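In our numbering, the protein residues as written are 238 to 550.
One structure is given below, encoded as structure tokens.
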Ligand code: FO1
């Protein structure tokens, strides 16, 4: 497989919206996306890979628009039936979405690797972008709570409603994981390396933690990131609680500090224009524009700004 010129590291909904813009700016066949699998979990014996599915469904134009996850127009009859049988059906798996998880689980049980199955699913959904899981090994992100409980990330986020009781985030299983086939080669060979506007702790963090990835990112040092923090708040999700738990300021400047060793550019929102000088003093070039991707045209302009920054970095 030849290495594609643009490689992006991605989590879920924020990344998917950005990638929708990116494929308006470059051909899908020029892009490889390395996706976080720290959110993956087995539900009822089925392997669910939320971030891989969010990116696949979004790039296929089939994602449910109001949530950013799941399939548009999906129904929940199987889940309703399951709720009659058991008390732990808290993760909303739609009927059509379940087909993805059944197929993936069956292929994995047959001995296929997650990278192979991911490529097959992307192809069947008509996605021309190359999607790579960060690893084929189990690498669940564990959220350690103030009372000492260790909870899977989805249990923290969805079952418990992402409360502000995070003591720390444990990425030790990602640290022990081997990169999926093609991951290191993709990062090493890319002309342009992008960090999507995803949670730096629980989306980009697990990818960086996988063996060999951080060293490769640091060796390059030229990634361009898009800040997922706008005006001191995450655009979506619990990034504020997770950043605070590790002592990072919830700001574009805080994100810049986390990426300083691996990035040479950061796209920030105009609400954070006042932080541009301080971010530049960390060694990052800055591009300022409206980054709230409320429509595909804005997503495209954010992607174009990131690509332009990469050309000048
Ligand atoms: N997020 C929720 O907040 N509640 C859900 O019930 C839920 C179900 C779900 C099912 C399939 C899928 O691919 C994603 C799903 N998500 C759900 C999104 C997911 O929990 C997170 O947004 C990502 O893991 C973070 O990137």
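For each residue, glycine too, the CB sits at the ideal point set by N, CA and C.
These numbers come from a predicted model, not from an experiment.
Quick check: residue i and residue j, are their CB atoms within less than 9 Å of each other?
i, j, result
"residue 524", "residue 502", "yes"
"residue 244", "residue 528", "no"
"residue 387", "residue 381", "yes"
"residue 420", "residue 461", "no"
"residue 268", "residue 354", "no"
"residue 480", "residue 533", "no"
"residue 246", "residue 295", "no"
"residue 297", "residue 364", "yes"
"residue 285", "residue 253", "no"
"residue 434", "residue 403", "no"
"residue 311", "residue 377", "no"
"residue 240", "residue 415", "no"
"residue 536", "residue 249", "no"
"residue 467", "residue 506", "yes"
Classify residue i: buried if its beta carbon has 16 or more other beta carbons within 10 angstroms, exposed otherwise.
i, result
"residue 307", "buried"
"residue 238", "exposed"
"residue 339", "exposed"
"residue 540", "buried"
"residue 266", "exposed"
"residue 549", "exposed"
"residue 264", "exposed"
"residue 383", "exposed"
"residue 288", "buried"
"residue 322", "exposed"
"residue 411", "buried"
"residue 452", "exposed"
Just reading off the beta strand (DSSP E) that residue i is part of, what are its end residues?
i, result
"residue 334", "Unbroken run through residue 334 is the alpha helix (DSSP H), 332–346; no beta strand (DSSP E)."
"residue 272", "268–272"
"residue 300", "Here residue 300 belongs to no beta strand (DSSP E), and DSSP marks it neither H nor E."
"residue 255", "Premise fails: residue 255 lies in the alpha helix (DSSP H), 250–262, not in any beta strand (DSSP E)."
"residue 367", "367–370"
"residue 388", "387–389"
"residue 354", "Run containing residue 354: none in the beta strand (DSSP E); it sits in the alpha helix (DSSP H), 351–361."
Along the chain, where does the alpha helix (DSSP H) containing residue i start, and where does it finish?
i, result
"residue 533", "533–549"
"residue 287", "287–296"
If contacts are defined as beta-carbon pairs under 8 Å, then residue i and residue j qualify, I think. What distance do you get, rounded to the angstrom?
i, j, result
"residue 443", "residue 371", "7 Å"
"residue 517", "residue 490", "That pair is no contact at about 11 Å."
"residue 399", "residue 475", "4 Å"
"residue 504", "residue 543", "5 Å"
"residue 299", "residue 362", "7 Å"
"residue 352", "residue 373", "6 Å"
Segments of 3+ residues assigned as beta strand (DSSP E) that fall wholly inside the region 435–518: The DSSP assignment places 460–463 and 500–506 as complete runs of the beta strand (DSSP E) inside the region 435–518, in order along the chain (cut-off: 3 residues).
Unbroken stretches of the beta strand (DSSP E), 3 residues or longer, contained in the region 397–434: Positions of the beta strand (DSSP E) runs, each at least 3 residues long and wholly inside the region 397–434, are given as 403–407 and 429–432 in order along the chain.
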